[in-house]
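When we follow this note's numbering, the leftmost residue of the sequence shown carries the number 19, and every step to the right adds one.
Since the structure comes first, as structure tokens, the remarks are kept for the end.
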Amino acid sequence: MIKKLQKKFISITATALFAVILLVLAAVNGIFFFQTNRQLDRRLDMIMSEYLNTPPGSPIPGMQKPGGERQPGPQESKDAEKKGGKTLGASHRFEDRLLIRADGCVICLDDAGTILEIRQDAAQNYSEEDLSAVTAALLKKEHSRGWYRYFKFRIITHAEADGKTMTVIGLINASSDLYAVFSMLLISTVIGIVSFLLVLLIIILASGHAVKPIAESYARQKQFVTDAGHELKTPLTVISANSELARMIYGDSEWFDSIDRQVSKMNGLVRSLITLAKVDEEQKPVFAAFSLSDAVYDTAKSFEGLLHSQGKSVVFDIAENIEYIGDESRLRQLVSILMDNAVKYCDPNGKITVKLFQDKQVKIQVINDFTDVTDCELDKLFQRFYRADKARTPDGSYGLGLSIAKSIAELHKGEIRARALEHGRIMFEVKLAAQP
19 MIKKLQKKFI SITATALFAV ILLVLAAVNG IFFFQTNRQL DRRLDMIMSE YLNTPPGSPI
79 PGMQKPGGER QPGPQESKDA EKKGGKTLGA SHRFEDRLLI RADGCVICLD DAGTILEIRQ
139 DAAQNYSEED LSAVTAALLK KEHSRGWYRY FKFRIITHAE ADGKTMTVIG LINASSDLYA
199 VFSMLLISTV IGIVSFLLVL LIIILASGHA VKPIAESYAR QKQFVTDAGH ELKTPLTVIS
259 ANSELARMIY GDSEWFDSID RQVSKMNGLV RSLITLAKVD EEQKPVFAAF SLSDAVYDTA
319 KSFEGLLHSQ GKSVVFDIAE NIEYIGDESR LRQLVSILMD NAVKYCDPNG KITVKLFQDK
379 QVKIQVINDF TDVTDCELDK LFQRFYRADK ARTPDGSYGL GLSIAKSIAE LHKGEIRARA
439 LEHGRIMFEV KLAAQP
């Protein structure tokens, strides 16, 4: 149990840590990409605005002429006038420094889609054939701005003075910017993974110390149950012996019968508590190969006489020759608990069906008629001291049997569950691992 608690603590903490790191990585990279995209939009808008304010055939202000001389933009010209006719250099205007790095291109088309003019910076990075192919692909897009491969584009359509429409496409090669984004993503991911693994290692090392108080408390509780069980055996034995002696001296009496019933009930409770304490001990039992088919059939068959005396029937559907490696005595106890539970809660004149088969897992099913199954809290049946009988009518049951059955199933790396079936029936199904 403590190991399970420790594993659960590690898994919950690791999940929370992973979620936080993932959110931080998403936020950092999302903000970086947003800023990069916004910066590219600004650079593209500057190129387009400069072109639309420039006469056809003239170089775009702010971009380089073929000779390498840079043409000042309108804003720089105004700044130059304010500074006594001197044009400010690129180092004095952040936007213009961005524009020089834009590696931009402007393509002008007529209303028929024919390229009229192509302007790009002095580097002349793209041939007319390449730009024609890109232009044809962009004209098919529904959006006027966005991404095409590693290009950032914008499309503007406006009317000329002669009434003709002209389409202007602005392009920026954003490959270097995208490389920066992907580099940022890669670096941050590596840092995130390394950080997660380091913190996870610390969590694993510290988990033992974190659950230590719970482990100590659980150990003391388990030891108390075991010790109390053994201590109770002695007075119960004395009471039972004195009752027998008094019966021999004074004869039979209803008071002696009541004492014997209560002693028997207390003995059963003590045995159940000690069994639970032993099953909860995390010492690996010694498993051996045995015939599970025979074990299930023999155990269930022993209840047949009791069922017939109560007017109930039992049907066996047990596959033959199913061999299993496990603790035979405890698995027999599990079947006995399920059969005892079925006998107690089966409707009068009802039927109990016992099944054993194997597909991907070995499965044991005990099904019985139970009209009140809809009123039963199936998820609580395996809790200790829980009883479906809300009135807790004295019937020799302590609400520990199904809890013991669950512990035995988990001991074999399996599980047990209860499920309501049609026509007022309830099924308890045990799934056992192939190799516990």
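Just so it is clear, CB atoms sit at the ideal spot from N, CA and C, and this is done for glycine as well.
Worksheet item: Name the DSSP beta bridge partners of L439, please?
Response: One-based indexing of the sequence shown puts residue 439 at position 421. L439 pairs with R443.
Discussion item. Measuring only the C-alpha atoms, how far is A360 from D387?
Written reply: By one-based count along the sequence shown, residue 360 stands at place 342. By one-based count along the sequence shown, residue 387 stands at place 369. Their backbone Cα atoms lie some 9 Å apart in a straight line.
Practice prompt. With a 10 Å radius around its C-beta and 16 neighbouring C-beta atoms as the bar for buried, classify A154 as buried or exposed.
Written response: Within the sequence shown, numbered from 1, the residue matching residue 154 stands at position 136. With fewer than 16 other Cβ atoms within 10 Å, it is exposed.
Discussion item. Is it the case that the stretch 211-229 contacts the stretch 52-63, given that we only count it when at least three CB pairs across the two stretches are under 8 Å?
Written reply: no
Item to complete: Please confirm if the stretch 36-53 is in contact with the stretch 224-236, defined as three or more CB-CB distances below 8 Å between the two stretches.
Response: no
Practice prompt. Buried or exposed for F169, please, with buried defined as at least 16 other CB atoms from any protein chain shown within 10 angstroms of its CB.
Written response: Locating residue 169 in the sequence shown gives position 151, counting from the first residue. By the 10 Å Cβ count, F169 comes out buried.
Worksheet item: Given E440, which residues of its chain have a CB within under 8 Å of its CB, disregarding the five upstream and five downstream residues?
Response: As a working note, residue 440 is residue 422 in the sequence shown. Closer than 8 Å at Cβ, skipping near neighbours: no residue.
Discussion item. Tell me which residues share the same chain as R437 and place their Cβ nearer than 6 Å to its Cβ, disregarding the 5 neighbours each side in the sequence.
Written reply: Numbered from 1 along the sequence shown, position 419 holds the residue referred to as residue 437. Same-chain partners within the cutoff: M445.
Discussion item. For the structure I just gave you, are there three or more beta carbon pairs, one from the stretch 311-318 and one from the stretch 367-378, closer than 8 Å?
Written reply: Segment contact: the stretch 311-318 against the stretch 367-378, three or more CB-CB distances shorter than 8 Å; contact assigned.
Worksheet entry | Residues near K330 by beta carbon distance below 8 Å, same chain, minus five either side | By 1-based counting over the sequence shown, the position of residue 330 is 312. Around K330, the same chain offers V361, C364, P366, N367, G368, K369, I370 as residues with beta carbons nearer than 8 Å, after the five sequence neighbours per side are excluded.
Item to complete: Kindly indicate the opening and closing residues of the beta strand (DSSP E) around A307.
Response: If you number the sequence shown from 1, residue 307 lands on position 289. Per DSSP, A307 is one residue of the beta strand (DSSP E) stretching across 306-309.
Worksheet entry | Endpoints, the beta strand (DSSP E) within which F375 is located | Against the sequence shown, residue 375 aligns to sequence position 357. Its beta strand (DSSP E) spans residues 369-376.
Item to complete: Kindly indicate which residue of A427, I30, F171, L203 has the alpha-carbon position closest to the one of L356.
Response: In the sequence shown, residue 356 corresponds to position 338, counting from 1. Taking only the C-alpha atoms, the option nearest L356 is A427.
Discussion item. Determine whether the beta carbon atoms of K431 and A451 lie at a separation below 7 Å.
Written reply: Along the sequence shown, read from residue 1 onward, the residue named residue 431 stands at position 413. Along the sequence shown, read from residue 1 onward, the residue named residue 451 stands at position 433. The answer is yes: Cβ separation under 7 Å.
Worksheet item: Hey, how far is the Cα of F200 from the Cα of I209?
Response: Within the sequence shown, the letter at position 182 stands for residue 200. Within the sequence shown, the letter at position 191 stands for residue 209. So the alpha carbons of these two residues sit roughly 14 Å apart.
Worksheet item: Expressed to the nearest angstrom, what Euclidean distance is found between the alpha-carbon atoms of P191 and L203?
Response: On the sequence shown, residue 191 is found 173 positions in, with the first residue counted as 1. On the sequence shown, residue 203 is found 185 positions in, with the first residue counted as 1. Just to set this straight, residue 191 is Asn in the shown sequence, not Pro. C-alpha separation (whole angstroms): 20 Å.
Fill in: Complete runs of the alpha helix (DSSP H) confined to the stretch 139-218 [at least 4 residues]
146-157
Worksheet entry | C-alpha distance - F334 paired with L310, whole-angstrom precision | By 1-based counting over the sequence shown, the position of residue 334 is 316. By 1-based counting over the sequence shown, the position of residue 310 is 292. Whole-angstrom Cα-Cα distance: 14 Å.
Discussion item. Quick check on DSSP: helix, strand or coil for V288?
Written reply: On the sequence shown, residue 288 is found 270 positions in, with the first residue counted as 1. Three-state DSSP puts V288 in a helix.
Worksheet item: Should F242 be labelled buried (16 or more other beta-carbon atoms within 10 Å of its own) or exposed?
Response: Taking the first residue of the sequence shown as 1, we reach residue 242 at position 224. It is exposed - the Cβ of F242 has fewer than 16 other Cβ atoms within 10 Å.
Worksheet item: Span of the beta strand (DSSP E) holding Q383?
Response: Counted from its first residue, the sequence shown places residue 383 at position 365. Q383 -> beta strand (DSSP E) spans 380-387.
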